[in-house]
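Numbering (our numbering), first residue to last: 9 to 538.
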């Protein structure tokens with residue numbers, strides 16, 4: 009693995025030049041994309057580069073080679089072992105040695121003693137003073153004292169900025185709209201998160217005897233007020249991480265996390281939009297999401313329609329006034345073409361009455377499609393299913409987001425339909441958690457809040473795993489661990505994070521089939537694993 013890592017470093021130096029060493033964040037992203045199994049070495053290398061850059065080191069300076077002095081500082085200031093310090097210095101020096109002729113060491117005569125490279129001293133060594141003058145000695149001593157004091161001040165400043173556990177607790181701040189219209193849902197999510205804390209602490213899954221603690225904070229809807237609230241809460245340096253159960257101010261919170269260098273996990277069932285998670289062309293370094301994005305959810309609909317239901321033609325009915333429904337439709341339509349499925353009709357709707365539903369259903373039925381895909385709110389989906397059957401359509405129906413109210417509203421018309429959910433309360437593993445929720449709080453978790461509650465629950469489990477496996481409690485160390493998440497078993501799915509977007513990579517979704525007057529959980533499916 010060491011040879012592979014050195015090879016990847018050589019490739020990156022050749023592609024981007026030696027100045028890539030001046031951008032540890034970018035270098036970290038590139039290394040994790042190409043050599044994800046070397047997460048520890050990536051962390052040590054980028055950690056050391058940041059410290060070197062703070063001290064004024066540059067790869068293009070007169071003498072950038074890392075020597076024993078720097079290795080000693082790695083051990084003293086950053087807690088590296090002797091082997092880690094030597095390995096880090098070796099990697100940096102190898103990268104410096106691979107510079108092109110124009111910027112490399114070949115033309116740097118001061119690195120190699122060759123004839124003509126040594127300065128002549130008139131009169132030989134005898135003409136050089138054997139001792140420095142007293143004034144020069146005093147000046148040198150004064151400069152050294154000033155440098156030492158400055159270094160100590162910087163060290164104390166760095167220590168003061170660090171976030172550290174309090175006692176035996178690892179604290180996580182949980183932000184959600186605890187007041188106003190969304191308060192009920194926010195409190196359900198916070199309760200689910202605290203249930204996960206109970207389980208994680210009971211399993212003693214945190215190293216060193218630490219206990220996890222989640223503290224809820226109200227998150228205003230106004231971005232300016234939200235920024236102020238988050239900064240106020242995070243002024244307490246005992247909070248090591250943040251979780252957000254609402255994405256209304258996603259970009260604002262992500263920028264605060266970036267500024268404070270505190271990892272942030274979004275657990276909202278509708279994840280932040282792609283542009284809200286990005287800082288320019290790259291994702292925010294400290295922000296992650298546990299929910300599948302709309303592009304993947306739309307892709308899953310087209311994949312299942314073509315590969316499992318074996319349909320060749322599809323008609324779409326979608327709520328144009330609902331942002332997520334529109335995004336799911338646009339993604340599914342794009343992927344339908346990729347999977348070889350023809351689109352016979354695209355029928356948008358918004359706030360339709362019974363007459364309008366019949367017109368939409370007739371248009372879908374007359375299109376000749378083998379399958380109708382419906383994306384929208386629960387009430388509209390149920391009414392459209394009834395209208396489709398009333399208009400004589402007898403083909404397949406596929407929807408996104410099954411709930412029992414669909415059967416209650418559509419009745420027998422829902423029989424035979426298929427549904428794909430991010431989380432399904434019909435999943436036996438989910439039911440087990442919901443039973444514990446009722447046992448702890450003496451009330452049922454509302455069915456319509458199951459997805460939100462489970463994402464909050466599994467978000468805490470993900471956070472607990474990151475704190476367990478991170479090489480330290482610094483934000484940088486925890487961030488690297490979150491980014492390196494691979495095949496982490498959670499309750500609702502197995503989680504792998506895509507380093508290109510900081511969102512789930514090919515995460516499984518629940519499949520539900522309507523029959524015998526109820527929805528029946530089938531299995532979890534993911535693209536390429538059907």
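Heads up, the beta-carbon is just placed ideally off N, CA and C, and yes, glycines get one too.
query, result
"Once the 5 residues before and after residue 385 are set aside, which same chain residues still bring their CB inside 8 Å of it?", "327, 330, 333"
"Is the CB-CB distance between residue 464 and residue 377 below 8 Å?", "no"
"Terminal residues of the continuous alpha helix (DSSP H) containing residue 326?", "Premise fails: residue 326 lies in the beta strand (DSSP E), 321-327, not in any alpha helix (DSSP H)."
"Could you give the C-beta distance for residue 275 and residue 250, rounded to a whole number, given that I count them as a contact under 8 Å?", "The pair is not a contact, with the Cβ atoms about 11 Å apart (cut-off 8 Å)."
"Using alpha carbons as the reference points, say which of 48, 182, 491, 287 lies closest to residue 95.", "48"
"Give, in chain order, every unbroken run of the alpha helix (DSSP H) that is at least 4 residues long and sits entirely within the stretch 21-55.", "32-42"
"Kindly identify the DSSP beta-bridge partner or partners of residue 522.", "527"
"Cα separation between residue 190 and residue 411?", "20 Å"
"With distances taken between CB atoms, is the gap from residue 505 to residue 517 smaller than 8 Å?", "no"
"Who pairs with residue 407 in a beta bridge, going by DSSP?", "382, 427"
"By the 10 Å Cβ neighbour count, where 16 or more other Cβ atoms means buried, how is residue 202 classified, buried or exposed?", "buried"
"Note down the Cα distance separating residue 152 from residue 77, rounded to an integer number of angstroms.", "16 Å"
"Between the C-alpha atoms of residue 541 and residue 256, what's the straight-line distance to the nearest angstrom?", "This structure cannot speak to residue 541, because the chain is shown only from 9 to 538."
"Relative to the C-alpha of residue 349, which residue among 285, 316, 364 is closest?", "316"
"Can we say the stretch 175-191 touches the stretch 439-449, given the rule of at least three CB pairs closer than 8 Å?", "no"
"Going by alpha carbons, who is nearest to residue 33 out of 293, 457, 497?", "293"
"Counting along the chain, where does the beta strand (DSSP E) carrying residue 250 start and finish?", "247-252"
"Can you look up residue 240 in the DSSP assignment and give me helix, strand or coil?", "helix"
"Do residue 460 and residue 197 have their C-beta atoms within less than 8 Å of each other?", "yes"
"Nearest-angstrom Cα distance between residue 476 and residue 30?", "30 Å"
"For residue 316, does the three-state DSSP call read helix, strand or coil?", "coil"
"Taking residue 43 as the reference, give the member of 491, 503, 523 with the closest Cα.", "491"
"Take residue 511 as the anchor and find which of 344, 418, 485, 283 has the nearest alpha-carbon.", "283"
"Decide if residue 409 is buried, meaning its Cβ has at least 16 other Cβ atoms within 10 Å, or exposed.", "buried"
"Between which residues of its own chain and residue 92 is the CB-CB distance below 6 Å, once the five residues before and five after are set aside?", "52"
"With a threshold of 7 Å, establish whether the CB of residue 209 neighbours any heavy atom of the ligand ATP.", "What this structure holds is no ligand at all, so the ligand ATP is not there to describe."
"Quick one: using the 10 Å Cβ neighbour count with 16 as the cut-off for buried, is residue 497 buried or exposed?", "exposed"
"In this structure, does DSSP put residue 112 in helix, strand or coil?", "Residue confidence for residue 112 is low, a pLDDT of 45 falling below 50, so the modelled location carries little weight; the figure read from the coordinates is stated next. Coil at residue 112, not helix or strand."
"DSSP on residue 189, reduced to helix/strand/coil?", "coil"
"Assuming contact is defined by CB atoms lying nearer than 8 Å, are residue 186 and residue 226 in contact in what I supplied?", "yes"
"Does DSSP put residue 231 in a helix, a strand or coil?", "helix"
"Mind checking whether residue 253 and residue 184 have CB atoms under 8 Å apart?", "yes"
"Buried or exposed for residue 318, please, with buried defined as at least 16 other CB atoms from any protein chain shown within 10 angstroms of its CB.", "exposed"
"Please classify residue 221: does DSSP put it in a helix, a strand, or coil?", "strand"
"Reducing DSSP to helix, strand and coil, say where residue 290 ends up.", "strand"
"For residue 501, which option in 507, 63, 515 has the closest C-alpha, if you only look at C-alpha atoms?", "515"
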